[in-house]
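Participant:
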Amino acid sequence: MMGRTLIELKNICFSYENNRPVLREVDFSIKEKERIGLIGSNGSGKTTLLHLIVGLLKPQKGRITIFDKERTCEQDFSEVRQKVGLLFQNAEDQLFCATVAEDIAFGPLNLGKSHNEAEEIVAKVLKQVGLEGYQDRITYKLSGGEKRLVSIATVLAMEPEVLLLDEPTYGLDEESEKRVLNILSALPLAMTIISHHRNFLEKITDNIVRISQGKIC
Amino acid sequence: MHKEQLYKGDSIIHSLDPRLRIVCAVFFSISVAIVVNTRTAVSALLIAVVCVLMAKLDIKVVGDRIKKLNFIMAAVILLFIVSFEGKAVHFSPQGFSRGLLIVLKSNAIVLFLTASLATIELTTIGHALHHLRVPNKLVHIFLFTIRYLGVLHQEYERLIKAMKIRGFIPKMNIHTYKSLANLLGMLLVKAIDRSERIVAAMKCRGFSGKFFILRHFIFHKKDFIAAAIMAGFVLLIIGVDRL
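Those protein sequence lines, which keep their order, are chains A and B.
1138 is the number of the first residue of the first sequence in the numbering used here; add one for each residue after it.
148 is the number of the first residue of the second sequence in the numbering used here; add one for each residue after it.
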């Protein structure tokens, strides 16, 4: 039923500077259009796993294969980051430009798009998240829910093939949570979603895996 | 926290190109600063007042700024007039005219800056500076500061509240200084952590060290007219003053 494997982690071991290991010989894979929910207690290594996939952290042991190519150095991963979008837990960290339009255009401009193309992408993704006409709003004046939607838009603007979402509903009210749920459900992309809410994950993902004591089960 | 409400408005000043307004503010301030003649200083002040009126600013907000400035200026004048020699106190009339010149000049500059710069939104100032060829790094430090000053302030408020609900009352003692030092240290550590997360987020979106600016400004006919008028004023101020 599922297509080809997009991301494959094999035998991954990781620990932060001389501390106890966070991940112990973990295997993990994401196939085309597959939606995986990731749960686990605080500090169990969920975020670490996503950061390893986009190369923000480097494993001490193991192989990371993404789009049929083994990824080791920074250059490999900067290629990966164009196709694998990571949504951070805290929208304040993700939105660093002054206006919404600039923030969303940041990615596309880095990828070498022209100003006109970037403006078009901005309008398109804002429509996708239901915030049409927000281009000139000042990011620090947005509400918590709006900030989250705009940060989703910044990730979508990269036109990714895989989405990695780190607690996309963290700190949101019921109304905003529903909006996020609807937006994500409508996307035809492979996703991995971290959340503490089993309910939310059951609505949106195909299967849920748990990380516990450095292992995926 | 964000006290920049003056940028909201639809006056003729608000509609001028921000780049022009920044350049005017710089030249006007320099020319007024080197004035030595009281009469020229008065005319500069008049020009500034007219600009404030043209910008249709909230008089109360502007008045507040002027009040704060002149409070300091009163102390300056006092220093110029009064001098002590042993136990005798001297009053100097030349000191008064010197002091008056400084008061006039500073008021003129502050009023003009209020009309020209406070009417631009902070982020737009950043972009205008970029287009005026201010080094990229400085512009981005400026823009990042605007973006994260509020976030840092919120973090500070959260921490200070957490201290207060546990009975913290600032006093003149070592415990207070230690606690405040902890608070500052915590803010610093959190700020560094945050900056690392922001860099990570930027990398994820293909950042490789170069920033792009999305919007551009356009110089209109009225900007040329305003530029000519301001150039005239600045030349007059410098020229007439030395006659």
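Every residue, glycine too, gets a C-beta built ideally from N, C-alpha and C.
Quick caveat: nothing in here was measured; it's all calculated off a predicted structure.
Mind checking if V298(B) is an interface residue toward chain A, Cβ cutoff 7 Å exclusive?
Facilitator: Closer than 7 Å: yes.
Participant: Could you check if L382(B) is buried or exposed, using at least 16 other CB atoms within 10 Å of its CB as the buried criterion?
Facilitator: Result: exposed.
Participant: Going along the segment 242 to 276 of chain B in order, which residues come within less than 9 Å of chain A, judged by CB to CB distance?
Facilitator: Per Cβ criterion, the list reads E268, L269, T270, T271, G273, H274.
Participant: Have a look at H287(B) and P240(B) and give me their C-alpha separation to the nearest angstrom.
Facilitator: Distance between the alpha carbons of H287(B) and P240(B) is about 49 Å.
Participant: Within 7 Å of any Cβ in chain D, is that where the Cβ of C351(B) sits?
Facilitator: The structure shown contains no chain D; its protein chains are A and B.
Participant: Can you give me the Cβ contacts of T1184(A) inside the same chain, cut-off strictly under 8 Å, excluding the 5 residues immediately before and after it?
Facilitator: So the list reads Q1226, D1303, I1331, once near-sequence residues are dropped.
Participant: What residues in its chain sit with their C-beta under 6 Å from that of I1149(A), if we drop five residues either side in the sequence?
Facilitator: Same-chain partners within the cutoff: L1160, V1163, P1196, G1199.
Participant: Suppose you measure from the CA of Q1220(A) to the CA of K1315(A); what does that come to, to the nearest Å?
Facilitator: Per the sequence presented here, residue 1220(A) reads as Lys, with Gln not at that position. About 26 Å.
Participant: Enumerated in chain order, which unbroken segments of the beta strand (DSSP E) with a length of 3 residues or greater are wholly contained in the segment 1188 to 1229 of chain A?
Facilitator: Entirely contained in the segment 1188 to 1229 of chain A, the beta strand (DSSP E) runs reaching 3 residues are, in chain order, 1198 to 1203, 1221 to 1224.
Participant: Name the residues in the segment 151 to 162 of chain B whose C-beta lies less than 9 Å from a C-beta of chain A; which are they?
Facilitator: Going along the segment 151 to 162 of chain B in chain order, one finds no residue with a Cβ nearer than 9 Å to chain A.
Participant: Whole angstroms is fine: what's the gap from I1173(A)'s alpha carbon to E1216(A)'s?
Facilitator: One C-alpha to the other measures close to 23 Å.
Participant: Is G246(B) near I224(B), with beta carbons less than 7 Å apart?
Facilitator: Contact flag set, yes.
Participant: Check whether the Cβ of Y1277(A) lies closer than 7 Å to any Cβ atom in chain B.
Facilitator: It does: the Cβ of Y1277(A) has a partner Cβ on chain B nearer than 7 Å.
Participant: Per DSSP, A342(B) is paired with what?
Facilitator: Here residue 342(B) is Ser; the residue named in the question, Ala, does not match the sequence. S342(B) is not bridged to any residue.
Participant: Apart from the five residues on each side of it in sequence, which residues of its chain come closer than 8 Å, Cβ to Cβ, to S1349(A)?
Facilitator: The answer, listed in chain order, is G1177, S1178, S1181.
Participant: Which residues of chain B have a Cβ atom closer than 7 Å to the Cβ of D1230(A), listed in chain order?
Facilitator: Here the neighbours are R341, R344, I345, A348.
Participant: Does the structure place the segment 1320 to 1335 of chain A close enough to the segment 316 to 332 of chain B that three or more beta carbon pairs sit under 8 Å?
Facilitator: In short, these stretches do not touch, since the Cβ pair count stays below three.
Participant: For Q1212(A), count neighbouring C-beta atoms within 10 Å of its own C-beta (all shown protein chains included) and say buried if the count is 16 or more, exposed if not.
Facilitator: It counts as exposed.
Participant: Looking only at its own chain, which residues have a Cβ that is under 6 Å from the Cβ of M148(B), when we skip the five neighbours before and after it?
Facilitator: With a pLDDT of 41 at M148(B), under the threshold of 50, the modelled position of that residue is not reliable, and the figure given next carries that caveat. Excluding positions up to five away in sequence, the list reads G297, H300.
Participant: Do S263(B) and K203(B) come within 7 Å of each other at the CB atom, strictly closer than that value?
Facilitator: The answer is no: Cβ separation not under 7 Å.
Participant: Considering only the beta carbon of each residue, do S178(B) and I384(B) sit closer than 7 Å?
Facilitator: Going by C-beta atoms, S178(B) is nearer than 7 Å to I384(B).
Participant: Examine chain B for any beta-carbon lying closer than 7 Å to the beta-carbon of A1290(A), and answer yes or no.
Facilitator: Closer than 7 Å: no.
Participant: Beta-carbon of F1233(A) versus every beta-carbon of chain B: anything under 7 Å?
Facilitator: So, interface residue.
Participant: So the candidates are C351(B), G356(B), A378(B), S355(B); which of them puts its Cα closest to the Cα of L1187(A)?
Facilitator: Measuring from the Cα of L1187(A), the nearest candidate turns out to be C351(B).
Participant: Which residues mark the beginning and the end of the alpha helix (DSSP H) in which T292(B) is found?
Facilitator: That run of the alpha helix (DSSP H) goes 283 to 311.
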